[in-house]
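Written below as structure tokens is the structure these notes are about.
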Amino acid sequence: MERKALVLDIDGTLTNSNKEISPATGAGIRKVLESGHLVVLASGRPAYGMRRYAGELELKKYGGYLLSHNGARIVACGTGEVVYQKAVPGDLLPVLYEFAQKHDCGLATHSEDTVISAFAPDRYVTLEAHINDMPIMQPEDFVGYVNFPVYKCFMTAEAERAAMLEKKLQERCGTRAAAGRSEPFFIEIVPASVDKGDSLGKLMEMLGIKRENVICCGDGFNDLSMIRYAGLGVAMGNAQPVLKEAADYVTAGNDEDGVAEVIRKFILKE
Numbered sequence: 025m026e027r028k029a030l031v032l033d034i035d036g037t038l039t040n041s042n043k044e045i046s047p048a049t050g051a052g053i054r055k056v057l058e059s060g061h062l063v064v065l066a067s068g069r070p071a072y073g074m075r076r077y078a079g080e081l082e083l084k085k086y087g088g089y090l091l092s093h094n095g096a097r098i099v100a101c102g103t104g105e106v107v108y109q110k111a112v113p114g115d116l117l118p119v120l121y122e123f124a125q126k127h128d129c130g131l132a133t134h135s136e137d138t139v140i141s142a143f144a145p146d147r148y149v150t151l152e153a154h155i156n157d158m159p160i161m162q163p164e165d166f167v168g169y170v171n172f173p174v175y176k177c178f179m180t181a182e183a184e185r186a187a188m189l190e191k192k193l194q195e196r197c198g199t200r201a202a203a204g205r206s207e208p209f210f211i212e213i214v215p216a217s218v219d220k221g222d223s224l225g226k227l228m229e230m231l232g233i234k235r236e237n238v239i240c241c242g243d244g245f246n247d248l249s250m251i252r253y254a255g256l257g258v259a260m261g262n263a264q265p266v267l268k269e270a271a272d273y274v275t276a277g278n279d280e281d282g283v284a285e286v287i288r289k290f291i292l293k294e
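For the sequence shown, my numbering assigns the number 25 to the initial residue and increments by one for each residue that follows.
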């Protein structure tokens, strides 16, 4: 048996609209793990915000991986070892702060266990903190306070403005960082040439798993690179249209056990 890798985005893919793993999806993933295959959770979230689901799926026991910050950091669940990381250039922070201030956007990043907000938190920054079960801190001097490695910053704005600002922000970052939306209201800034697909490729090479044995499931803009990388790229029924166009297969939505369907059809072949 050739070992397969099942790679799952979290929000809108692994979890339903209540941010829970359904019984059918959880049972299917456990069968995958018990059969000796690999499970990787790949998210824009920090590792801290992924730990609940890793624990629920017993990824420490089975040796899974967390690909966090859209691929800027990869952690081995079994050992806690960071097997790959790449930080946003520190001198880019003042540029991001100036841009956010000029365009009246939210701006924040994460420490290990806290959301650090440059300005009074808007509803999207507050949502990010809630989803990741993190408190929010607003230092007096954001740029001066953030003197630790940053794997992702994010800006927030209403969807229409975020779509307009995405390109402007990328132009401002130049070749030093990549800016892209993971949600209509959420622009993520990660190190240049870092995305889920690129980092996943590095991990699979480390583990000796062939690309054709990789199955990726996602729903958001930031899942596009791994959907294209995968031997089998799967878009959820609730996915953004661009993802469905790029995918090899469109499964049921995250509230209809779409991941469980993929497991039955392509891994367990029941």
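Quick reminder that beta carbons are idealized off the backbone N, C-alpha and C, glycines included.
{"Query": "From THR275, ASP35, LYS191, pick the residue whose C-alpha is nearest to that of HIS154; which is it?", "Result": "ASP35"}
{"Query": "Determine, using beta carbons only, whether PHE245 and ARG205 come nearer to each other than 8 Å.", "Result": "yes"}
{"Query": "Among GLU207, ARG200, PHE210, ALA51, which residue has its Cα nearest to the Cα of ALA216?", "Result": "ARG200"}
{"Query": "Who are the near neighbours of LEU327 in its chain, counting only those whose CB is closer than 6 Å to its CB and skipping five residues on each side?", "Result": "There is simply no residue 327 to check, as the chain begins at 25 and stops at 294 in what is shown."}
{"Query": "Between THR37 and ASN278, which are expected to be in contact by the criterion C-beta below 8 Å, what is the C-beta distance as a whole number of angstroms?", "Result": "6 Å"}
{"Query": "Do GLY104 and LEU224 come within 8 Å of each other at the CB atom, strictly closer than that value?", "Result": "no"}
{"Query": "Report yes if the CB atom of GLY257 is closer than 8 Å to the CB atom of ARG235, and no otherwise.", "Result": "no"}
{"Query": "Measuring CB atoms only, is the segment 171-189 touching the segment 54-66, in the sense that at least three cross pairs come out at less than 8 Å?", "Result": "no"}
{"Query": "Using the three-state DSSP reduction, which class does SER295 fall into: helix, strand or coil?", "Result": "Outside the shown range of the chain, which is 25 to 294, sits residue 295, and nothing can be said about it."}
{"Query": "Since VAL274 and ALA259 should fall inside the 8 Å C-beta cutoff, what is the C-beta to C-beta distance between them, to a whole number of angstroms?", "Result": "5 Å"}
{"Query": "Among THR138, GLU26, GLN125, ALA48, whose alpha-carbon lies nearest the alpha-carbon of ARG69?", "Result": "THR138"}
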